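In the working numbering, the protein residues as written are 2 to 226. Working notes, structure below.
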């Protein structure tokens, strides 16, 4: 997670005497480039049994590696299984690479963490601005299965003005307020779900529930946590 999705909020959500929140995100990376640059492995080298690893991508993974002449090394190979895309991408110098699919990148990284005794949560990406073109419009992408609920609630309850004000630079990077809303929805998902990590959350469920994020019942009815 980058700072924009409320890492500071997560730090306040856990008892820091038993849980240390480390942000290993790097701006502008996709699951593919994070893999290629060895960033997953660098995290795995520090992971200890019992640690929790939260993986969130999808902001920079769209598109296709083809044509190779326009590949900048971020787009994953299209597909949901083990498809591969041999490509030569341009990043100061041309480099040959066999790009893998988004699921493959996440599965490979998760496998490494699990083998080290860590537990893994695959989090959906924070939603982009659904009011960017003037009218509320949201179409879930292959990266956003779980974030569809949060996006609909942001647009429906907060409204166009508040949402646009909190995307000051572009359709992706939020002000701290929306970052905290997304982080709260993640923490509520933990509290409502069955992952043992919820046991380390200090927030009372009643302080997270409400008109904006709904209740545990509505969350569990909507998403298979």
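For every residue, glycine included, the Cβ atom is placed at its ideal position computed from N, Cα and C. These numbers come from a predicted model, not from an experiment.
For residue i and residue j, I'd like the C-alpha separation in whole angstroms.
i           : j           : result
residue 208 : residue 127 : 21 Å
residue 111 : residue 23  : 17 Å
residue 200 : residue 164 : 32 Å
residue 189 : residue 70  : 43 Å
residue 81  : residue 11  : 30 Å
residue 168 : residue 20  : 31 Å
residue 121 : residue 182 : 22 Å
residue 196 : residue 46  : 24 Å
residue 191 : residue 107 : 20 Å
residue 132 : residue 109 : 35 Å
residue 13  : residue 68  : 45 Å
Taking the beta carbon of residue i as the centre, do at least 16 other beta carbons fall within 10 Å, making it buried, or is it exposed?
i           : result
residue 96  : exposed
residue 88  : buried
residue 210 : buried
residue 83  : exposed
residue 205 : exposed
residue 215 : buried
Using DSSP's beta-bridge definition, name the partner residues of residue i.
i           : result
residue 231 : The structure shown does not extend to residue 231, since the chain is modelled only from 2 through 226, so no value can be given for it.
residue 89  : 97
residue 15  : 202
residue 78  : 102
Sorted by chain position, which residues of the same chain lie with C-beta nearer than 7 Å to residue i's C-beta, five sequence neighbours on each side aside?
i          : result
residue 15 : 22, 201, 202 and 203
With DSSP collapsed to three states, give me the class of residue i.
i           : result
residue 211 : strand
residue 55  : strand
residue 123 : strand
residue 138 : coil
residue 166 : helix
residue 66  : coil
residue 102 : strand
residue 128 : coil
With 8 Å as the threshold, decide whether the Cβ of residue i is near any Cβ in chain C.
i           : result
residue 215 : Protein chains in the displayed structure number just one, and chain C is not present.
Near residue i, which residues of its chain fall below 8 Å by C-beta distance, leaving aside the five closest residues on each side in sequence?
i          : result
residue 25 : 40, 43 and 44
residue 50 : 117, 118 and 119
residue 62 : 31, 32, 33, 75, 76, 77, 103 and 144
Please work out which residues of its chain come closer than 6 Å, Cβ to Cβ, to residue i, disregarding the five sequence neighbours upstream and downstream, and give them in chain order.
i           : result
residue 100 : 33, 66, 78, 86 and 88
residue 54  : 114, 119 and 121
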